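Data first, discussion second: the structure below is written as structure tokens.
2 protein chains.
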Amino acid sequence: MRTFVMTLCTAFLMCGDVMAQQPAPTLNDLVPGGATYRFVENLYGLQWWGDACIKPGVDSLFIVNVQTGKESLLIAREQVNAVLEARKLPKLSHFYAVKFPWKGTDEMLLALGDKYVAYDLKKGEANVLHTLPEKAANIDFCNESRRIAYTVGNNLYVNNDRLTHEPEGVVCGQSVHRHEFGIRKGTFWSPKGNLLAFYRMDESMVATYPLVDIGARIAKPNNVRYPMAGMTSHKVSVGVYDANSKEIVYLETGDPTDRYFTNISWSPDEKTIYLIELNRDQDHSKLCQYDAESGKLLAVLIEEKHPKYVEPQNPVIFLPWDATTFIYQSQRDGYNHLYLYDTKGKPVKQLTSGDWLVRDVIGFEEKSKRLFIQSTERSPLQSNIYCVDIPSGKRTLLGNAEGVHQGTINASGTYMLDIYTAPGVPRSINIVHTKKGASVNLLTAGNPFKDFNMPTIETGTIKAADGITDLYYRLIKPLDLDPDRKYPTIVYVYGGPHAQMITNGFQYDARGWDIYMATKGYVVFTLDNRGSGNRGLEFENCTFRRLGIEECKDQVKGIEYLKSLPYVDGDRIGVHGWSYGGHMTTALMLRHPDIYKVGVAGGPVIDWKYYEIMYGERYMDTPESNPEGYEQGNLNRLAGNLKGDLLLIHDDQDDTCVPQHTLSFMKACVDAGTYPDLFIYPGHKHNVRGRDRVHLYEKITRYFDEKLNFKQ
Amino acid sequence: MRTFVMTLCTAFLMCGDVMAQQPAPTLNDLVPGGATYRFVENLYGLQWWGDACIKPGVDSLFIVNVQTGKESLLIAREQVNAVLEARKLPKLSHFYAVKFPWKGTDEMLLALGDKYVAYDLKKGEANVLHTLPEKAANIDFCNESRRIAYTVGNNLYVNNDRLTHEPEGVVCGQSVHRHEFGIRKGTFWSPKGNLLAFYRMDESMVATYPLVDIGARIAKPNNVRYPMAGMTSHKVSVGVYDANSKEIVYLETGDPTDRYFTNISWSPDEKTIYLIELNRDQDHSKLCQYDAESGKLLAVLIEEKHPKYVEPQNPVIFLPWDATTFIYQSQRDGYNHLYLYDTKGKPVKQLTSGDWLVRDVIGFEEKSKRLFIQSTERSPLQSNIYCVDIPSGKRTLLGNAEGVHQGTINASGTYMLDIYTAPGVPRSINIVHTKKGASVNLLTAGNPFKDFNMPTIETGTIKAADGITDLYYRLIKPLDLDPDRKYPTIVYVYGGPHAQMITNGFQYDARGWDIYMATKGYVVFTLDNRGSGNRGLEFENCTFRRLGIEECKDQVKGIEYLKSLPYVDGDRIGVHGWSYGGHMTTALMLRHPDIYKVGVAGGPVIDWKYYEIMYGERYMDTPESNPEGYEQGNLNRLAGNLKGDLLLIHDDQDDTCVPQHTLSFMKACVDAGTYPDLFIYPGHKHNVRGRDRVHLYEKITRYFDEKLNFKQ
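These protein sequence lines map, in sequence, to chains A and B.
Counting from 1, position 333 in the first sequence corresponds to residue 1824 in our numbering; the numbering is continuous, with no gaps.
Counting from 1, position 246 in the second sequence corresponds to residue 1737 in our numbering; the numbering is continuous, with no gaps.
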């Protein structure tokens, strides 16, 4: 075991003598939604206006000098409101939501109630661009053409024109395929905004799940179309609306049955649409090129196959200076990297490589042919920003080498807004010169917990159950640790693909409740097992067709490490997680009843056959093609193993992981003669958010306190 | 306080020295559905065949001599089965379900799978009367005409004829008005079986409640029409089918909106139908007489009004020897009594009176004009059988003066089958001569718990919160009571109208779990508060428009009594109940958080506005007309008072008290920042029955053990 241990050693966390006098934070201080929740200071609405940096305030809007950081007033709110009032428009209550999409103009974009307004700062004029109907949703404003797309119910509109007339069961202009494959929206404006590509999803053949809304006078079902693993799936097509001719053409993709249409993007000339198409087995992807005018398939440019799965998550991006070359992202060498291709599908070059991955492409600088990426090159726990010289492939770090960075590049690629956090840095915002690296600080957020007695947080690595792979853990020690005492321990777990619980962000990404439990006197431990995110394809796909099995083995390695610590009471180990973490919690309680004494599983997957097709079948195939895998992962089958105390919590409006999981487990336990506990949060979806989150974590805390026999 | 204490002093309960060696019974022994549940011995299928007493066995069918009790073989099963086999009919596996509806014939009636068969004992012939379709339900066989009525789905059939062709939302031939007003079925054969009166209920305008069935591949809603208090109700009419002409006439009752049609009965000549009609306010009933042929209203014979409510529960019964006189039952003098009326509606006489009530009319003896009733005359805890001489009104006790009796009178009224239980009598079955009173014993069931160490059960009375009314309680003492110890106590409560928890039946009607908890070392206490059954109208209706309020006050009186007992630990009092008892449990926990430390509420009513119209509005009027009462009784309003530990249990298929009650309470507690516990039993209705009932009571036991800090 490599003991690479970092101790979070900052003034506010480690000055024990002074800090012991300070109070411990409460759940309300630590949990989002809490009455006294400590937000980390931020600069809301900070953005580029072309190459100018805009910093909004409540009453004033500033321009920030990118070299000095000096602010100068752009306009005062009362001035804007006087104009709006004269036009009988709603007033602005702050500048935070104002947008500056039009470089080289004097205009800013205001969303005022149902109105989209272009406000000319020089002329002091407000120009109403659009007035939306009351139920408009999925609003997609095109900066270039100033057109606006939106949905009302299941149909799509542009400006005042209704584009589709679909019956219930067919949805247009919204995200499809349950937001998998990187899909987050359903409308895609062409570069100049003359054409709109959009998704049309026929889900009339998909079974509905009834989520019962008990807030009504008499409870009523909220029937959501939920395609479960192995069952009939929806059918998606892609329409192209020409805003000038007002005609719609559908791409000629052929029979859409059991196919996924993902990662829509446009060629710079608006003539061609790129899709990545995937078969239902998710083991064969094709980058397809369609003619936007005729809808005809022009070519299949790139194909990828994998014996487990391929997972396209990023649309192609054209080089701003070369309409014949685009960036294509692939995990084909084991990590997500960038590849240049020409529009004939000919590979130009692999742009990045290494045992780290590109997390995002954030911008370009045209003059010297550079692009900017966020990657894990410095550490799997980090996201740092690199400038990549395209001709040479040479990478240069921008901003510092620590923490988790998010960059926004200005119009000409000369400056970057760099927002980052690090274990001891709640938030730092800087303007960085993309060539010189020189930076000016706009914000160094104070530690919101500086007046509290806070626990020590460490990270390190242990070996996975395979004996080879390094896994990262995070360990939070009880406040004022007495080395002669034995402390109860809680494992907070997620463990599923795409996610990472431990990062080098603020407090190593420890959650408020984790810290709270440590202040009470628990050891709190988290381990990112194999299968979790940002560690590459093999690390992730070792769980293929048997989700939960390898993950549990790795978690047990974490327990072995914990038990090696003199202050951990190995007889009082609890586990908690939500969603995939709820599955892991339940699985660990049932597969290792002698290790884990108490568990709280929130919104758990209990039987993968009740989970949805797109996510579920990627990792598990179908119940028909992988009966052993489904059987092995079906926790209802293990209900009789329950020995300790296990509380399952589900939300009655959970449309991600439907309540059937938890309720079927209750039935399985009744049948098996075991005794889980249950709680339901009415009116919540796939977690408990807002004010009620404090109730949730107080409920969970009480359960652990009581069942682990914890006394403060 | 009157301390009328009866100690259950029988050999098997009190011989402490010997019994201390015996084991205590387990939940499986005590709870119905348990693997080793101890049924009380019985004589299944015992019945009259005219004046002959039939006693079925597995392999043999006997006739019992009514004077001596001596059995003689009527027929052997192999003999019957040989005939059935030759006819290719299903075979009998025992005689227990065989019926003898035809006196003076040699036939018995067999229900064999989908077939109704008349079996001639003399001729050894099997005659198939009817073959029913697979989904036949609500089967109503007419002994006189041998016709059969049944439903398939929502429509009604007689023999092979489909009578109705109603769409979904209209139900024919089934019980209506949610089984209130004594309604238990939907078809009513005329005395000779030529005509069939039946209910038709249009509930298409009634809101549906979605009960989610998680047993399906993907959960699906079971939408039940559930008319909630104050909301739109169903509309009922009464059809009359003439089996000879095959025509249907509907009674001309006028607009059925917000009216109840109850207690259907026929005149002996089949020409007239009697209904008791009730307005939605349930404060005005009318006994109406309709012409069966034309459907026209002939007369309104009897009207009753009451400032609180009237509740007709019994159809009129004609004197067998006088087609112009019927018995009408009413609580108009404060107790349910019998009144004779003629068919013009003229009162003839009040047949019974006193501060006790008639529970049932069980038969007649024509020769000397006598009728037989079951009543509470001996004690409100009892049901004893009396013969009433109609001319003089003189009553004579039949059978003994103890316990709870159920009588069945033979054809000529000369003998009665008397089945009774008493505190120390698990079951006794006797044939009693209705004039001489002489009796012959057929069965004295052994005590099924004779091999166990059983606790002492006492009953007594205390004063209600009004200082006047006597209330009955039952007290079960912990096994091997140590007078120097303080024991935790559980109050088992129901408390609602119509029901009575304490009777002079076997073990004073203590339930298996109550006894189980006492064997573990709890004091178990039950009190029938004001509002509960068999004590007369005023006792019941003092709760009008504010259900739960007086009931809670009385329960607190019970606690005062408990606290006067030296062995009761007043700091460890728990409470448990189901349905109305779930309401009471929750109400007591919230209204008296310093008395009740732990509660388990099953299928509770939380807010009366979520309960159904017929029951709910009788006692509470509507939310619109009684807003204060609904507000006062709405336990969601009191969610913030929760101090102790309260577990709510609900069934996900509960169509009596819908899950919205419990789930809305969860939400109310989240909003109020209190912490109830929850459990749901999937696939069960308004209680947990069968095998799972043991799980339920183990779950409840663990909760009390843990939260009342109970150690055996």
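Where is the CB? At the ideal position from N, CA and C, for every residue including glycine.
In this text, all values refer to a predicted model and were calculated from it rather than measured experimentally.
In whole angstroms, give me the CA-to-CA distance for serine 1821 of chain B and glutamine 1841 of chain B. 10 Å
Are the Cβ atoms of phenylalanine 2156 of chain A and alanine 2130 of chain A separated by less than 8 Å? Yes, Cβ-Cβ distance for phenylalanine 2156 of chain A and alanine 2130 of chain A is below 8 Å.
Assigned exposure category for aspartate 2019 of chain A - 16 Cβ within 10 Å defines buried: Aspartate 2019 of chain A should be labelled buried.
Report the rounded CA-to-CA distance for tyrosine 2121 of chain A versus glycine 2107 of chain A, giving the unit in angstroms. 10 Å
Terminal residues of the beta strand (DSSP E) in which tyrosine 1690 of chain A lies: 1686 to 1693
Quick check: the stretch 1991 to 2005 of chain B against the stretch 1919 to 1926 of chain B, are at least 3 beta-carbon pairs closer than 8 Å? no
For histidine 1604 of chain B, is the classification buried or exposed, using 16 other Cβ atoms within 10 angstroms of its Cβ as the cut-off for buried? Looking at the sequence provided, one finds glycine at residue 1604 of chain B rather than histidine. Classification for glycine 1604 of chain B: exposed.
Using a threshold of 8 Å, state whether the C-beta atoms of threonine 1887 of chain B and glycine 1904 of chain B are closer than that. no
Would alanine 2092 of chain B count as contacting chain A if we go by Cβ distances under 8 Å? Cβ-Cβ to chain A under 8 Å: no for alanine 2092 of chain B.
So what does DSSP say about arginine 1655 of chain B, is it helix, strand or coil? The identity of residue 1655 of chain B in the sequence shown is threonine, whereas the question assumes arginine. It is coil, neither helix nor strand.
Counting only beta-carbon separations shorter than 8 Å, does leucine 1518 of chain B have a partner in chain A? no
Cβ shell of glycine 1721 of chain B (< 8 Å), same chain only, five flanking positions each side left out: Lys2100, Ile2104, Glu2108, Thr2113, Pro2114, Glu2115
For glutamine 2151 of chain B, return the contacting residues in chain A, with the cut-off set at a CB-CB distance below 7 Å. Ile1705, Ala1710
Kindly indicate which residue of B/Lys1737, B/Met1692, B/Ala1790, B/Leu1792 has the alpha-carbon position closest to the one of aspartate 1749 of chain B. B/Met1692
Taking 8 Å as the CB-CB cut-off, is lysine 2158 of chain A touching chain B? yes
Quick one: what does DSSP say serine 1870 of chain A is sitting in, helix, strand or coil? coil
Identity of the residue in A/Met1945, A/Gly1836, A/Asp1961, A/Arg1869 nearest threonine 1952 of chain A by Cα: A/Asp1961
Scan the stretch 1892 to 1922 of chain A for residues whose Cβ lies nearer than 7 Å to a Cβ of chain B and list them as they occur along the chain. none
Does any C-beta atom of chain B lie closer than 8 Å to the C-beta of arginine 2193 of chain A? yes
So, is phenylalanine 1689 of chain A buried or exposed, given that buried needs 16 or more other C-beta atoms within 10 angstroms? buried
Alpha helix (DSSP H) runs wholly inside the stretch 1890 to 1923 of chain A, at least 4 long, in chain order: List check, alpha helix (DSSP H) in window: nothing returned.
Among B/Val1715, B/Asp1611, B/Phe1809, B/Gly2135, which residue has its Cα nearest to the Cα of arginine 1669 of chain B? B/Val1715
Under 8 Å, CB to CB, which of the residues in the stretch 2164 to 2195 of chain A have a partner in chain B? Gly2164, Tyr2166, Asp2168, Leu2169, Phe2170, Ile2171, Tyr2172, Pro2173, Gly2174, Asp2183, His2186, Glu2189, Lys2190, Arg2193
Are the C-beta of valine 2161 of chain A and some C-beta of chain B separated by less than 8 Å? Taking Cβ atoms only, chain B reaches closer than 8 Å to valine 2161 of chain A, which makes this a yes.
For the stretch 2090 to 2119 of chain A, list every residue whose C-beta sits within 9 Å of some C-beta in chain B, in sequence order. Lys2100, Tyr2101
In three-state terms, what does DSSP make of isoleucine 1739 of chain A? Strand, per DSSP.
Check distances from the C-beta atoms of the stretch 1673 to 1702 of chain A to those of chain B and list, in chain order, the residues that come in under 7 Å. Ala1698, Tyr1700, Pro1701
If we cut at 8 Å on Cβ distances, does threonine 1498 of chain B have a partner in chain A? Residue confidence is low: threonine 1498 of chain B scores 42 on pLDDT, short of 50, so the model does not pin down where it sits. Its coordinate-derived value is still stated next. It does not: the Cβ of threonine 1498 of chain B has no partner Cβ on chain A nearer than 8 Å.
Taking beta-carbon pairs under 8 Å, can you tell me which members of the stretch 2129 to 2155 of chain A lie near chain B? Cβ contacts with chain B come from Asp2143, Val2149, Pro2150, Gln2151, Leu2154, Ser2155.
Is the beta carbon of proline 1701 of chain B closer than 8 Å to that of alanine 2092 of chain A? no
Return no unless some Cβ of chain A is closer than 8 Å to the Cβ of threonine 1494 of chain B. Confidence is the limiting factor: at threonine 1494 of chain B the pLDDT is only 44, short of 50, which leaves the residue's position unreliable, though a coordinate-based value still follows. Not closer than 8 Å to any Cβ of chain A, the Cβ of threonine 1494 of chain B fails to qualify, so no.
For isoleucine 1981 of chain B versus tyrosine 2013 of chain B, is the C-beta spacing smaller than 8 Å? yes
Hey, would you say the C-beta of asparagine 1629 of chain B is under 7 Å away from at least one heavy atom of the ligand PLP? Questions concerning the ligand PLP fall outside what the structure shown contains, since it holds no ligand whatsoever.
Taking the straight line between their C-alpha atoms, what separation do you get for glutamine 1513 of chain A and tyrosine 1983 of chain A? So the two alpha carbons sit approximately 26 Å from each other.
Would you call leucine 1564 of chain B buried or exposed, if buried means 16 or more other Cβ atoms sit within 10 Å of its Cβ? exposed
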